[in-house]
Structures are given as structure tokens and as C-alpha cells.
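All remarks here apply to the structure that follows.
There are 2 protein chains.
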Amino acid sequence: MADQAAPARPKTVTACVLTIGDEILSGRTRDANLAYIATYLNRIGIQVREARVIPDVEEVIVNTLNEVRARYDYVFTTGGIGPTHDDITADAVAKAFGVGISHHPEAMKILEAHYRQTGAEFTPSRQRMARLPHGASMIDNPVSKAPGFQIGNVFVMAGVPAVMQVMMDSLADRLEGGATMLSRTVSGQIGEGTIAEKLGELQARHADVGIGSYPYYRGRNFGTSIVMRGVDSSELDRVADEVAALMRAFGVEPVMGDPA
Amino acid sequence: MADQAAPARPKTVTACVLTIGDEILSGRTRDANLAYIATYLNRIGIQVREARVIPDVEEVIVNTLNEVRARYDYVFTTGGIGPTHDDITADAVAKAFGVGISHHPEAMKILEAHYRQTGAEFTPSRQRMARLPHGASMIDNPVSKAPGFQIGNVFVMAGVPAVMQVMMDSLADRLEGGATMLSRTVSGQIGEGTIAEKLGELQARHADVGIGSYPYYRGRNFGTSIVMRGVDSSELDRVADEVAALMRAFGVEPVMGDPA
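What follows is the structure, encoded as C-alpha cells:
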């Protein structure tokens, strides 16, 4: 009789998102990228475990990048790769990896053709956007042409959401995902404190499922959404059914999903 | 003749914002608190220098908190202080400070009265929200009663934006601000790359003013906003005038402020 190996447990692949930019820290601009990147990565089995927002300061970028690229499988940065003096991300990444940086021939060709077509001058500032750390590979940018780049496990993208999003599509096939985190949501017009005890007991019985409780307030319509996250679809369904039954026991009709 | 001391340069007061919650990292919930807190603090002379989003994992909260509370003047956390099993922030903060945690008599009184009034049962889960690290002082919460707390230079607030915002008002008079960062914005329908060289020279001449360049795209209306930040109002005005003159030299009519 052949050995019956236990099915391999899908590995966990982790990521960190670094948002680089004074404008996010000053409150001037509200970040829209983290939720997009986290959702995108989650679909392909990569879990964002940490996110940081840091200023356009070289030393901070270098130190932070070296800390998180050692700790997580992947690092995704946004911001600081435009043509102006405050765009220092590419130089900081080169410094973090201890490599040089110079104009990348293929990136120069792409940008040169782009500016020839648009009739704008291909100034030295615009040429800065073709500078890549040595050993980096380009990330295509069909929207505004100036490429992002990958070096090691670090993916460097633009901060403008439309450009970042197309870069995610360009780089996605280089990523190797692990277990995809699935989720179920059950909502009901019930206070968190009412359901908390029973929910804690449910969590204790299902260690492989993360059960989160999120109150919502929409004028007079308030309640709680219970979100279950895990890799086993049928276990999630069982836990979701238990949560629904729990709400009914308190006289509350549960809704599968977010509140209406 | 009395000594003429040079005017004291206002000191820089720094802060870090810690967003605690799996739901932000999974992409399910889009953070709305960082921009609010950063703007609020900036008005009273406190500059957010870093922000982190971390999961509901005790060890991560403890280590992160101990790292950033040593590095910045103030730390503001949001999330994880509700009544359910996944609300572990208060315990993690106590652990980070190496102190015990127990039900705070005044917080118990406030919550007891609240639930008596609303007719809901004051369950052990709801009583959890009255647990404060030893040595902590309450942060009032007129919206939903369960208090936040301050311990050392760390302010622990709710994640629900409406509750976080009222807590900021409750705690603001405990903060000591330094120099208030002021800003000017000049926008124009000009490409970043067109203005980049001149802008770099302008930055080199004004080391005390941070000059940021932010492209915007709104359908066919695209351009660049130049944001100047610093503590000296009249220097900011001078730099803003120079930026406006610079745009006019390229045949672009500048708008003071964000693009229309």
C-alpha cells in the first residue's frame, strides 16, 4: 500500500505595502492604493501583513525598505518615481540594494518615442524617469509610459492610482501566490456587545478561521458585520451558518454579506 | 543695551499613526482616519512623520508600539478597542508598557449608566471596554461612551471614524504642538516634466521650504499642483509667487490653490 501523504497545506505568502510621499502624511492626499493592492494580491493568494506610509526622505526609504524586504515575501511601493526633484524613490531603492543607477536603454527608447509622438520635449527631467537601479527589470506602464521596476522581491510603482493599477496588471504574472484567503460576511442589526460572548466561543472552536467583528452605523440603521477569513471554503460556510444561527437566537434576521 | 537674542526657532513635534486592524490590511475597509488625524495634528503644530497599518496580532502591536513610541513625540492608534474577542489593543498596549490592566472604576460607571439608559444588558463583553492599562487616563467618548485612553505619549482611539474624531477633540488639549506647517498650492495645466528643471533650481534656493510636485488627471483636464510647505508664511508667499511666474513663463496661467 502506497504511503498516504497528508495533503500539502498551502503556504502563506506575505507582502508589505510602502506608500512613499509627504502628501499622504500631511493629510493633503488620501491614500487610495492600499485597499486596491491588498484586494488584488489577496485574489492571487498573497496576504498584505503590514503597510507603512513614509516621507520622501532618502534615509527613511532606504532603512524601511531594507527592513521590510527581509521580513516579507514581497514589497510593493507606490510614489516618488516622477520627473521632479522630490521623486527620489528610484535612487533610494538603488541605495538600499547597494547598486548603481543609470538610464535604462529600453526605458529611454519608450519615453523618447512617447514624447516625440506627443510633441513635448524629452527634457533631462523626463529622462530621469528612465533611470533604473542596475539589475532591475521594467514594469510596463501603458497609461503614461514611464515604467515602474522590479528589483529582487521589491516592486516599485507610481503613486497615481490609474498608473499603479495598470502596473499591477503588468507585474502580476511575476508573482507566486500561496493559499488564497477566502471570506464570508454575515451582517445583522445587533450590537457587538450582545453577540460578543458567543462569538468568542465560536472563535475558540475554529482556530483556522479568523473571525472579525465590525460595527456599522448608518444613521438609525446600525448593526454588526461578522467577517470570517480562512483558506477552507467549506469550513467558512459552516462558521457562517453558525453565526447566522447565533443572530437568529437573539431574534435578529441575518443577512449574508454586507448590510443592505 | 539688552542682549538681542535670536528669535527661538519653533521646535518640530512629531507623531506616528498606527492603524490596527485586519480589515484594513485585507482591503475590505478603506482607511479614512490617517488623513483626518494628520490634518488635525498639523493645525496644532504636530507633524505626522510615519503611519503604519498592522494586524490584530498581539506580538506585532507590542513590538511596533515600543519601536515607534521611542522614536516619535506622540503616537496615535486607531482600532481594536471594542467588546469582541478580536479587540486586543488595550491588552497589547498594557503589555508594551509592562503594566497590568483592569476595569477602570470611572469607565465602568460611565458604561453602566449608558447601558442602563439604553436598556441593553451590560455584559462581560461590554465591560471589557472599561478595561484600561494601569496608569492610563481616559479619553472621553461622547458619541458611544466607551472611552479611549492615554498612557505615556500614546493615545489609543476607536477605529470608527465618527468616534475617533470626537476622541481627537477630547484629547487635543493634552498635546503640545510646535511649529505649525503652513502650505501654499499653485496649480496649472502644465506637465510635471516641463516645469521640473526650474522647480529643482527653486528648491535648491529655498532649503527651508519643501516643494512637492503632484500631477493630476481629470479626464482631458490635466496638469500639476505645486505644493510648498514650511513654517514661514512670508517665505511661502515669495516661493508661491516664483512658481506662478515660472508657469507664466511657459505660457500657462497659474491658479492659486487646487485646480478648479
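Residue numbers (the working numbering), protein chains in the order written: chain A, 1 to 260; chain B, 1 to 260. Don't be surprised by glycine CBs; every beta carbon is placed ideally from N, CA and C.
Taking C-beta atoms as the reference points, residue 167(A) and residue 139(A) count as a pair closer than 7 Å.
Here residue 62(A) really is in contact with residue 92(A); their C-beta atoms are around 5 Å apart, less than 8 Å. Taking a contact as a CB-CB distance under 8 Å, the pair residue 125(B) and residue 197(A) counts as one, their CB atoms being some 5 Å apart. The Cβ of residue 30(A) sits closer than 7 Å to at least one Cβ of chain B. DSSP, reduced to helix, strand and coil, places residue 133(A) within a strand of the structure shown. Every beta strand (DSSP E) stretch that sits fully inside the stretch 172-237 of chain B and reaches 3 residues is listed by chain position as 182-188, 210-218 and 221-230. Within the stretch 226-238 of chain B, contact with chain A at the beta-carbon level (separation under 8 Å) is assigned to 227 and 229.
Along the stretch 21-109 of chain A, the alpha helix (DSSP H) occurs as fully enclosed runs of 4 or more residues at 22-25, 33-43, 58-71 and 89-97, listed in sequence order. For residue 167(B), DSSP records no beta bridge to any residue. Annotation: the continuous alpha helix (DSSP H) that includes residue 124(B) extends over 124-128. Excluding residues up to 5 positions away in sequence, 83 lie with their Cβ nearer than 6 Å to the Cβ of residue 128(A) in the same chain. Counting only the Cα atoms, residue 112(B) lies some 46 Å from residue 75(A).
In its chain, beyond the 5 residues on either side, 186, 188, 190, 195, 253 and 254 have a beta carbon closer than 8 Å to the beta carbon of residue 247(B).
The beta carbon of residue 89(A) lies closer than 7 Å to those of 20, 61, 77, 79, 80, 81 and 156 in the same chain, with the five residues before and after it left out. Close CB contacts of residue 31(B) within its chain, under the 8 Å cut and outside five residues either way in sequence, are with 19, 24 and 53 (chain order).
Distance from the CA of residue 153(B) to the CA of residue 154(A), rounded to the nearest whole angstrom, comes to 34 Å. If you ignore the 5 residues before and after residue 230(B), its C-beta comes within less than 6 Å of the C-beta of 208, 209 and 236, all in its own chain and listed in chain order.
Here DSSP, grouped into helix, strand and coil, assigns residue 158(A) to coil. Taken atom to atom, the span from the alpha-carbon of residue 51(B) to that of residue 221(B) is near 32 Å. Taking C-beta atoms as the reference points, residue 14(A) and residue 73(A) count as a pair closer than 7 Å.
Note on geometry: alpha-carbon atoms of residue 101(B) and residue 69(B) lie some 19 Å from one another. Contacts with chain B at 7 Å (Cβ-Cβ) do not include residue 137(A). In the DSSP assignment, residue 149(B) falls within the unbroken beta strand (DSSP E) covering 148-151. Interface with chain B (7 Å Cβ-Cβ cutoff): residue 86(A) is included. Annotated as distal: residue 203(A) and residue 114(B), with beta-carbon spacing of 7 Å or more. Using a Cβ-Cβ cut-off of 8 Å, residue 150(A) is close to nothing in chain B; its nearest Cβ partner there is about 22 Å away.
Secondary structure at residue 19(A): strand, using DSSP grouped into helix, strand and coil. Cβ-Cβ distances below 8 Å link residue 116(A) to 122 in the same chain, with the five nearest sequence neighbours on each side left out; the list follows chain order. An exposed status is given to residue 120(A), since fewer than 16 other beta-carbon atoms sit within 10 Å of its beta-carbon. When the beta-carbon positions are compared, residue 45(B) and residue 179(B) come within less than 7 Å of each other. Under the three-state reduction of DSSP, residue 239(A) is assigned to helix. Contacts between residue 22(B) and chain A, judged by CB atoms closer than 8 Å, involve 210, 212 and 229 in chain order. The beta carbons of residue 132(B) and residue 149(B) sit closer together than 7 Å. For residue 103(A), the number of other beta carbons within 10 angstroms of its own is below 16, and it is reported as exposed.
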